[in-house]
Every structure is written in C-alpha cells, then in structure tokens.
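If you read the sequences in order, they're chains A and B.
Residues 1 to 229 (full-length UniProt numbering) are what the first sequence spells out, left to right.
Residues 1 to 229 (full-length UniProt numbering) are what the second sequence spells out, left to right.
One structure is given here, and the rest of the page talks about it.
2 protein chains.
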Amino acid sequence: MNDHIVKSYDSELKRLDGEIKRMGEIATAQLDAAVDVFQRRDSQAAMRVVANDEAIDALEHEVSHDVLRLLALRQPMARDLREVYAALRISADIERIGDYAANVAKRSIVLNQTAPVSAGRGLPALAHLANTLVREALAAYTLRDAERAMAVRSRDAELDAQYTGLFRELLTYMAEDPRQITACTHLLFMAKNIERIGDHATNIAENTWFLVHGEQPEGEREKRDLTSQ
Amino acid sequence: MNDHIVKSYDSELKRLDGEIKRMGEIATAQLDAAVDVFQRRDSQAAMRVVANDEAIDALEHEVSHDVLRLLALRQPMARDLREVYAALRISADIERIGDYAANVAKRSIVLNQTAPVSAGRGLPALAHLANTLVREALAAYTLRDAERAMAVRSRDAELDAQYTGLFRELLTYMAEDPRQITACTHLLFMAKNIERIGDHATNIAENTWFLVHGEQPEGEREKRDLTSQ
C-alpha cells in the first residue's frame, strides 16, 4: 500500500483522537466549573459556563464532519472502521455530558434567585464521582484499554446509589419546609443530570470495549436510577 | 456498475429503513402505552411496557451492526453515505425515546404505591403532543421530506411551553400539600422525560434535513426547557 496514504490516514485518525480528547477536557472542566459556580453562587460565572457549551457542540460537529470525510475517502475496514464508529459514538456522549454540565450551571442561576438552602450540600460529591467516571472512561478510551473501561461500568452503580441517597434527602427537605420546594426541585434535576453523566461515562466505556474487541461487552449494566423503582 | 451489486445495496438500505420504521412504531406505541397504564394505574401493564423496551434496544443494535457492515462492504459515498449516517443517528434518537417512554411507565408503578393525585392530569396531553412530534419527524424521514421535518422543530417550542406550564403547576401542588411531594416529584421527572422526547424528535428532524441537503439546517433551535432559565 502507498506509504503516503497510510501516513495520511493515521494522521486523520490522530486528528479525530485529538478532537475527542479536547472535547473530553472541556466537558470535564465544564462540570467542575458548574459545581464551583453553584457553590460560590456566582451567576455571572455560571452564564459563562452555559456559553462555553458551544465549544463542545462545535467540536462534535467537527468530529461528525471528519468521520464522514474519512468514511468516504478512506473506506476503512475492521478495526479501523470501529475506530471511526467509536469516535462518532463517544463524541455524542461527551456532547451530552457537556449539555448536562451546562444545565447544572443554568439551574444554579435560578437557585441564586432564592435564599441559600443547605439541601444541596451533597451535590459536589456526586459531581466529583461522576467526573471521575468520565475521566476514567476517557483515559481507557485514549489507551484503548478495554479492561480499564469495564471498571467504569461497575463504579457507575456507586454513583447511582449516591444519587438515590441525595434524591431521598431532597424529598425530606421539601416536606419539612415547603418554601424550599422550588429550590429543591432544581437540585433534584441537577442531581439527575449528574447521575445521567455517569450513564454516558458507561456508554464511553462500552464503546471502548467494542472498539477493542469488536463485540458488545457481556453482562447487563447495573440497574440505573433506583428512585424510579 | 454491476446490476446485482446495485440491487443488493438498495435492498440493504431498504432493510435499514425497515428497521428504523419498526423502531419508530414500537417507540411511539410504547409512549402511548406508558401514558395509558399511568392513567389506568395498572402496574402489571406498566411492567410489560418497561420490559418491551428491550425490543427497541435490540433493533438499535441491529441497525448499528448493519450500518457497520454496509460501510465496510459497500463503502457508500455522498448521499448514500449520508443515508447510512442518518440511519445511525436516528436509531440512537429513537432508542432514547424508547428509554424515556419506559421510564414514564416505571415511575407510574411508583405512583401506584401512593394515593392518586390530581396533579398528573396534564401529563397525557403533553405526551400526546410529544408523540405527534415524533410521528411527524419519522414521517418526514420516511419521505425524505426536509421541509416537513423542519416544521417539527418549530412545534417543539409548543411542547416546551406546555411542559413549563405543567412544571409550575406541579410545584404549586407540592407547596399546597406536602404529602404529595413524592408523587409530584415523579410526575415532574415524567414530564421532563416527555419534554426530552420532543428534543429527540427535533434531532430526527435535523438529521433528516442533513440527509437531504448535506448540511445542518440554518437558524437556532428554539430554546428548550424554560424552567431552568
């Protein structure tokens, strides 16, 4: 095969990799920033977090564009095709993670319009765990390490349990003081967003497994959100 | 080009089309069923709705599998490539719609464990509108009708407004009677699920536009969930 073509194909895959890496860095930074502005009750900074989400959306469009071009011009097969397919899937998951992080920031602005409630204390720890899962999933993807990816799946159950605890706690706050209902409702949705981020980390992990092995990982994912059971 | 290859390629695209049509039919039927079991407070039937979601997940896997095979064996270009890309994206959206419908059914089981609350009266109308958007988006996709697809996007704003009304109504119920807080919280999440279904209908519409025109539709989507602003 022509060396020039091979080299160029590799550089295109690397470009995709770089875009996804960049997306992941922004998305995890966004979640950290969302929690930070929530804790500091800084609406100005929260608006910047919301606006920053555009950078992730733009990168996802770039990935889609590059994937379509790569498929058309290079017609990859087998593992190469899975590389491209995984890039498409994983970029969609990161885009959703970014959306959820931005929504956490957006709701923190609403919360700043009412008196502070102590009910949100559990949120940063939940977000910290979720972001750890996302970083782990992305590290496993970067290293194409299927085993490491699968460890994320089992840790998602931990996040779900922590979310369930926070959910129940928020309900008791609402029952004790009806004036906190609006604030607690937004906190509930913020917690739910963070729980969903864990699901997307699991998706990234499963796509990494598929990329390496060419088949879906065995076994069921742990049950999700236990509050609706 | 070999007639046999062309014919076979067409039949593979038709197969994809058929799978997506089937997915769409199940997902919209699932949402109807979820609302029906919610209204009838029928937990047995709700469990069947939850279990049925597997059929949609299995079809999405089939679509992904067929897409990868088609990309590897047929190496489609231009419009053909966009056909395959759109199938992949749209199947992912339908899968999410199915998840949300199943979650509505799942939460209705939790609701049946407490006394009926009148606060959920607005839910069926919301779901009806969301399902209309999904059916319209799928019809536009089936007909490859980009203009019809774009009409879905503007109607999604209607759904968002209706959701916002229901959200505020549920908050007042909670404030008036703290015993309804748990039930109303589940209703809030059910309403949010349905609002998200509208977003996925819009995604399907936008992918249909892209499939036909080879570029993203112009203009911003209307703002989403107004309750977090």
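We put the CB at the ideal spot given by N, CA and C, even for glycine.
Quick caveat: nothing in here was measured; it's all calculated off a predicted structure.
Determine the extent of the alpha helix (DSSP H) in which residue i is found, giving its start and end residues.
i         : result
Arg-179/B : Per DSSP, Arg-179/B belongs to no alpha helix (DSSP H) and is neither H nor E.
Arg-82/B  : 78-111
Leu-143/A : First-last for Leu-143/A: undefined, no H or E at that position.
Ala-51/B  : 43-74
For residue i and residue j, what's the separation of their Cα atoms in angstroms?
i         : j         : result
Glu-54/A  : Ser-11/A  : 26 Å
Lys-21/B  : His-61/B  : 14 Å
Glu-83/B  : Leu-211/B : 6 Å
His-128/A : Asp-145/B : 44 Å
Asp-177/A : Ala-119/A : 11 Å
Leu-126/A : Ile-94/A  : 18 Å
Val-50/B  : Leu-73/A  : 42 Å
Gln-30/B  : Lys-106/B : 12 Å
Leu-123/A : Asn-112/B : 29 Å
Met-190/A : Ala-101/A : 9 Å
Glu-215/A : Thr-208/A : 10 Å
Thr-182/B : Leu-171/A : 7 Å
Tyr-163/B : Ala-46/A  : 24 Å
Leu-16/B  : Gly-98/A  : 30 Å
Thr-202/A : Asn-131/A : 12 Å
Arg-148/A : Ala-140/A : 6 Å
Gln-75/B  : Leu-88/B  : 15 Å
Asp-36/A  : Met-174/B : 29 Å
Ser-8/B   : Gln-39/A  : 59 Å
Within 8 Å (strictly less), CB to CB, does residue i reach chain B?
i             : result
Thr-182/A     : yes
Gln-162/A     : no
residue 316/A : Nothing about residue 316/A can be reported from this structure: the residues present for chain A run from 1 to 229 only.
residue 248/A : The structure shown does not extend to residue 248/A, since chain A is modelled only from 1 through 229, so no value can be given for it.
Ala-33/A      : no
Ala-119/A     : no
Val-110/A     : yes
Met-1/A       : Because Met-1/A carries a pLDDT of 47, less than 50, the predicted location of this residue cannot be relied on, and no value is offered for it.
Ala-72/A      : yes
Thr-142/A     : no
Ser-8/A       : no
Leu-187/A     : no
Ile-59/A      : Here the sequence assigns Leu to residue 59/A, which means Ile is not the residue at that position. So no, Leu-59/A is outside the interface.
Leu-166/A     : no
Leu-171/A     : yes
Under a Cβ-count criterion, where at least 16 other Cβ atoms within 10 Å of its own Cβ denotes burial, should residue i be classed as buried or exposed?
i         : result
Leu-70/A  : buried
Val-108/A : Contrary to the premise, residue 108/A reads as Ser rather than Val in this sequence. Looking at its Cβ environment, which holds 16 or more other Cβ atoms inside 10 Å, Ser-108/A is buried.
Glu-195/B : buried
Lys-14/B  : exposed
Met-1/B   : Model confidence at Met-1/B stands at a pLDDT of 48, short of 50, so the residue's coordinates are unreliable and nothing is read from them.
His-65/A  : exposed
Pro-116/B : exposed
His-200/B : buried
Met-77/A  : exposed
Gly-24/A  : buried
Arg-153/A : buried
Ala-27/A  : buried
Ala-58/A  : exposed
Ser-91/B  : buried
Ser-228/A : buried
Glu-218/B : exposed
Ala-34/A  : buried
His-213/A : exposed
Arg-96/A  : buried
Arg-168/A : exposed
Between residue i and chain A, is there a C-beta pair that is closer than 8 Å?
i         : result
Ser-228/B : yes
Ala-146/B : no
Lys-106/B : yes
Pro-178/B : yes
Leu-211/B : no
Met-47/B  : no
Leu-126/B : no
Thr-202/B : no
Gln-30/B  : no
Asn-103/B : yes
Ala-175/B : yes
Met-77/B  : yes
Tyr-100/B : no
Leu-68/B  : yes
Leu-16/B  : no
Leu-159/B : no
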